[in-house]
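See structure below.
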Amino acid sequence: AQAAASQAAQMLELNGNSLRLQTKTQCASFFKLHVPAGVAEAGICVQATSSSRSRFKLLHFDTSGQLLHQEDSHSSELQRGATEATMFFTPFDRYVYDKSATPKGMMKEDDTPPVFHQLDSFTPSRYRMLEDGDHLFGIFGDNFFRSTAVVLRATKCHPRVVGTLEEKERALATKKKELADFEYEYQEALEAFKKASTRLEKETATVDTLLKERSELYNAYAFGGGDAAAKGEPSAKR
Numbered sequence: 001a002q003a004a005a006s007q008a009a010q011m012l013e014l015n016g017n018s019l020r021l022q023t024k025t026q027c028a029s030f031f032k033l034h035v036p037a038g039v040a041e042a043g044i045c046v047q048a049t050s051s052s053r054s055r056f057k058l059l060h061f062d063t064s065g066q067l068l069h070q071e072d073s074h075s076s077e078l079q080r081g082a083t084e085a086t087m088f089f090t091p092f093d094r095y096v097y098d099k100s101a102t103p104k105g106m107m108k109e110d111d112t113p114p115v116f117h118q119l120d121s122f123t124p125s126r127y128r129m130l131e132d133g134d135h136l137f138g139i140f141g142d143n144f145f146r147s148t149a150v151v152l153r154a155t156k157c158h159p160r161v162v163g164t165l166e167e168k169e170r171a172l173a174t175k176k177k178e179l180a181d182f183e184y185e186y187q188e189a190l191e192a193f194k195k196a197s198t199r200l201e202k203e204t205a206t207v208d209t210l211l212k213e214r215s216e217l218y219n220a221y222a223f224g225g226g227d228a229a230a231k232g233e234p235s236a237k238r
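For the sequence shown, our numbering gives the first residue as 1, with consecutive numbering after it.
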């Protein structure tokens, strides 16, 4: 199966022209990418885009034909009305982030601030730098009633961005750990605030009651008890 798929696969040029691929419903089409020696050191990006908003899976296989990686299509951030799937093969430890995941704090039944769980889906990527040579990829059509049409591109990433991007990945990974620690502190402070708020309401009610009772007692003291209050005579202010 691996040999047949490889033979039928079209060649996608690195940093070359895009390749158009059409796949039948619930079927896969294959393409190959050749990585010259030393080119992968800066990182490689493989992207599939569908302007017709097709549902599909971008697949990457090892040399024995076993599936290594899979990316489901999602709404494109750069091309309105399109879907895309992207694979980054980087020389540094990369993380993946699922923007579609709903942070716990955004749920109505939870009063935790969203920032504490905004990075829950920020997890280490399984992708590694591609080795030199040929690599087999595929597109699996996930549409129910029509074929899937995608445009494929493979680019060598810009090396000048690598250092800064790696710093951002590390900074977000560190921030995720810091927020986990801070959430515990926040919850303790929030619990203390709730207790203080409850006590404040109680103390306010107590003071109001004591002042009211004091005023009634002075009224009784000045005008002879409850008779004065019953006649609507003004309370004495003390």
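C-beta atoms are modelled at their ideal positions from N, C-alpha and C, and glycine is treated no differently.
For F61, the beta-bridge partners assigned by DSSP are L67 and L136.
DSSP places L130 in the coil class of the three-state scheme, outside both helix and strand. C157 and L172 have their C-alpha atoms some 21 Å from each other.
Collapsing the DSSP output to three states places G224 in coil. When C-beta atoms of the segment 142-154 are compared with those of the segment 11-30, three or more pairs fall below 8 Å, so the two segments count as touching.
In the displayed model, G43 falls within coil according to three-state DSSP, outside both helix and strand.
Contact between the segment 71-81 and the segment 168-182 is absent: fewer than 3 CB-CB pairs across the two stretches fall below 8 Å.
DSSP lists Q22 as the beta-bridge partner residues of A149.
At a Cβ-Cβ threshold of 8 Å, L19 and F30 do not count as neighbours. Residue burial annotation: Q187 is exposed, with fewer than 16 other C-beta atoms found within 10 angstroms of its C-beta. Less than 8 Å divides the Cβ of L12 from the Cβ of A154. Per DSSP, the unbroken beta strand (DSSP E) holding K32 starts and ends at A28 to V35. When T90, F140 and R94 are compared, the shortest CA-CA separation from V39 is found for T90.
Contact between L21 and L152 holds: their C-beta atoms lie close to 6 Å from each other, under 8 Å.
For T86, the enclosing beta strand (DSSP E) has its first and last residue at T83 to F89. Under the criterion of beta carbons closer than 8 Å, S121 and D98 qualify as touching, at roughly 4 Å. Among the bridge pairs identified by DSSP, P113 is matched with none. Take the alpha-carbon of V96 and the one of L190: they are about 31 Å apart.
At a Cβ-Cβ threshold of 8 Å, V162 and G65 do not count as neighbours. In this structure, F61 sits away from T148, with a CB-CB distance that is not shorter than 8 Å.
Counting every other CB atom within 10 Å of its CB across the protein chains shown gives V150 a total of 16 or more, marking it as buried.
The C-beta distance from A9 to D132 rounds to 18 Å, too long to meet the 8 Å contact threshold. Between A48 and E84 the beta-carbon gap is near 7 Å, inside 8 Å, which marks them as a contact.
Around S100, the same chain offers H74 as residues with beta carbons nearer than 8 Å, after the five sequence neighbours per side are excluded.
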